[in-house]
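Numbering (my numbering), first residue to last: 1 to 195. We put the CB at the ideal spot given by N, CA and C, even for glycine. All of these numbers come straight from a predicted model, not from anything done at the bench.
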């Protein structure tokens, strides 16, 4: 408790000094804005600790440094991820069959396999299990089938194209040490759902 009170007191002193210097909207304001965004983002405790540690580093690094922008970008990505949002699957096989039949004519074997997968998922009530992998040449309906599956489960759908990906870092995400480092396609897709 004493440590947090001391930090609060020192921050208030720093705000007063910045206000006297006329730097009220400088890095101090940015730091406080990022701190409130971290607290409001409902991220897990271990991630929140890491974000606050990075924020402390950001506070100490000069604004003109390239590292400053890397740290800020990292913190902003952490706060924009929908940590507490999740969807519950609607594992109704009759509804799923109806949606698949509405969206796709034919493809009986594929639709039957999808329904088998959903039935097993409903019985086991677990996220673990085999993953459906749709393969084939362009234009045969892989994406539209995936959209139909998502619609039948009442899940959000984000299409991530991996065609033309030359570097695994585009999928996994770049190391933060690089200037202009970006998270991977999965995290970008999650952010796209929120915005």
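Inset, instruction - Go ahead and pull the three-state DSSP assignment for residue 173. - result: strand
Inset, instruction - Can you grab the Cα-Cα spacing for the pair residue 146 / residue 62, in whole Å? - result: 47 Å
Inset, instruction - Spell out the partners DSSP gives residue 183 in its beta bridges. - result: 173
Legend entry - Outcome for residue 131 when other beta-carbon atoms lying within 10 angstroms are tallied against a minimum of 16: exposed
Inset, instruction - May I have the straight-line CA-CA distance separating residue 94 from residue 136, to the nearest angstrom? - result: 27 Å
Legend entry - Start-to-end residues for the alpha helix (DSSP H) that takes in residue 88: Careful: residue 88 lies outside any alpha helix (DSSP H) and carries neither H nor E.
Inset, instruction - Look at the alpha carbon of residue 56 and the alpha carbon of residue 119, and state the distance between them as a whole number of angstroms. - result: 49 Å
Inset, instruction - Pull up the CB-CB distance for residue 83 and residue 148, whole angstroms please, since I reckon it's below 8 Å. - result: Contact doesn't hold; Cβ gap of about 28 Å is too wide.
Legend entry - Stretch-stretch touch, CB-based, cutoff 8 Å, three pairs: the stretch 108–117 with the stretch 75–91: no
Inset, instruction - Could you have a look at residue 61 and say whether DSSP puts it in helix, strand or coil? - result: coil
Legend entry - Reduced DSSP category for residue 166 - H, G, I as helix; E, B as strand; rest coil: coil
Legend entry - Three-way DSSP call (helix, strand, coil) for residue 124 in this model: helix
Inset, instruction - Could you check if residue 65 is buried or exposed, using at least 16 other CB atoms within 10 Å of its CB as the buried criterion? - result: exposed
Inset, instruction - Take residue 186 and list the residues in its own chain whose beta-carbon comes closer than 6 Å to its own, dropping the five residues that flank it on each side. - result: none
Legend entry - Three-state secondary structure assigned by DSSP to residue 36: helix
Inset, instruction - Put residue 12 into one of helix, strand or coil per three-state DSSP. - result: helix
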